[in-house]
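To keep things clear, I will list the structure first and then write my remarks on it.
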Ligand code: NDP
Ligand code: MG
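This is the structure we're talking about:
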């Protein structure tokens, strides 16, 4: 059984936020703002939006601000940042922030495989990581969980489904759990047939019915690639066998996942779709305090619907189950191909259904390794992006060199 830590007492937890200018980053800052006795901000990191980062620094006066993009770091006007905030640049800046002894918890909220670097550095330094960046586990799940175990670092989920599973599982042994079932809203195209989606536009894909999120994960929700990535994330985060993970569509996004125990009992976690709750839970774990997240309206709550995912139309989901089962290099290749394909789709250069087709083709043509090193995974990440950038419906990717 995972031991539950004692409730915290005394000083606030000291927090660093990687990806502070994004959807999860700004929700995190909202939680910190509302719980000043519990949380204190030590540092923020963004990619290139230095003006927004400077605004955040003026509001929170952290010790560090990091711009990961060296061009933005050079361009940023220091006069916009408060005097007590030291502005750092690039990956060295991220490493300095996450390893600082003044940091207790690192919120990993960068989008894409770019989030792996800061998450890795934080775990290596033994920090608790509140993980929103699911791509870290998709790319290198076993290496990341092994690193956390070796360094005595705690990895706490922020992804709402995984937070729900974590909450429902806490206090039970792995052998008590029969399976987990991840819920998904079904995205903006739920109920549509493939023929209707061939010409789906970025604007349509970006209209999510229940969640406000960054553009990449919103497109992933429309293709169901997000659920696919979450299946892989659950496999490594909770050490589940692939056959223990299921997916069910739940359009209201109120039940955030289920855990079925060996005796047939099922526990779920419910709350309105508001990421501030799983963020707060990870930041304050194991404490529960009143915070800014919306509460269930028991007067308005009525039917909660559940349906099976349409795996013929949303082909990405099968890729997730397959990658979770095969492991090895598959996660890194699928993730990189998807990031590149989503980028092309958003730029108008690829059809909506081609995202999953492109990922399938790149995955199938890579040279599979069941137990790769981090270097091999990073090399495959670069290869898969190039192949996905070149892929067209009539062209198969080059085999891995
Ligand atoms: P956003 O696109 O809203 O924000 C991304 C953040 O990452 C920004 O701060 C951005 O900085 C920064 N960033 C982008 N590229 C890089 C890079 N190469 N190096 C360093 N920083 C970079 O994303 P979300 O907040 O929606 O998602 C973040 C992560 O959380 C994703 O992994 C997503 O899957 C996960 N997640 C998100 C949920 C949500 O509700 N949004 C729910 C569950 C999980 P800048 O602004 O300067 O470009
Ligand atoms: Mg999720």
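In this note's numbering, the protein residues as written are 93 to 493.
In this text, a Cβ means the ideal position worked out from N, Cα and C, and glycines have one as well.
Helix, strand or coil for residue i, going by three-state DSSP, please let me know.
i	result
residue 349	strand
residue 200	strand
residue 110	strand
residue 180	strand
residue 373	helix
residue 276	strand
residue 393	coil
residue 244	coil
residue 118	helix
residue 338	strand
residue 454	helix
residue 223	strand
residue 97	coil
residue 414	helix
residue 290	coil
Since residue i and residue j should fall inside the 8 Å C-beta cutoff, what is the C-beta to C-beta distance between them, to a whole number of angstroms?
i	j	result
residue 468	residue 405	About 34 Å separates the two Cβ atoms, so there is no contact after all.
residue 498	residue 189	Outside the shown range of the chain (93 to 493) lies residue 498, about which nothing can therefore be said.
residue 444	residue 323	21 Å between Cβ atoms; not a contact.
residue 35	residue 136	The question about residue 35 has no answer, for the chain in this structure spans 93 to 493.
residue 105	residue 375	6 Å
residue 338	residue 434	That belief does not hold up - the Cβ atoms of residue 338 and residue 434 are roughly 25 Å apart, past 8 Å.
Residue i and residue j: beta carbons closer than 7 Å?
i	j	result
residue 256	residue 349	yes
residue 328	residue 229	yes
residue 116	residue 224	yes
residue 432	residue 481	yes
residue 395	residue 368	no
residue 165	residue 146	no
residue 310	residue 298	yes
residue 114	residue 335	no
residue 221	residue 247	yes
residue 536	residue 359	Given a span of 93 to 493 for the chain in the structure shown, any question on residue 536 remains unanswerable.
residue 379	residue 100	yes
residue 227	residue 204	yes
residue 210	residue 244	no
residue 123	residue 371	yes
Taking buried to mean at least 16 other C-beta atoms within 10 Å of its own C-beta, is residue i buried or exposed?
i	result
residue 278	buried
residue 233	buried
residue 151	exposed
residue 361	buried
residue 258	buried
residue 390	exposed
residue 473	buried
residue 400	exposed
residue 200	buried
residue 56	There is simply no residue 56 to check, as the chain begins at 93 and stops at 493 in what is shown.
residue 207	buried
Quick one: what's residue i bridged to in DSSP?
i	result
residue 133	107
residue 362	347
residue 487	484
residue 492	Beta-bridge pairing links residue 492 to no other residue.
residue 156	135 and 178
residue 271	352
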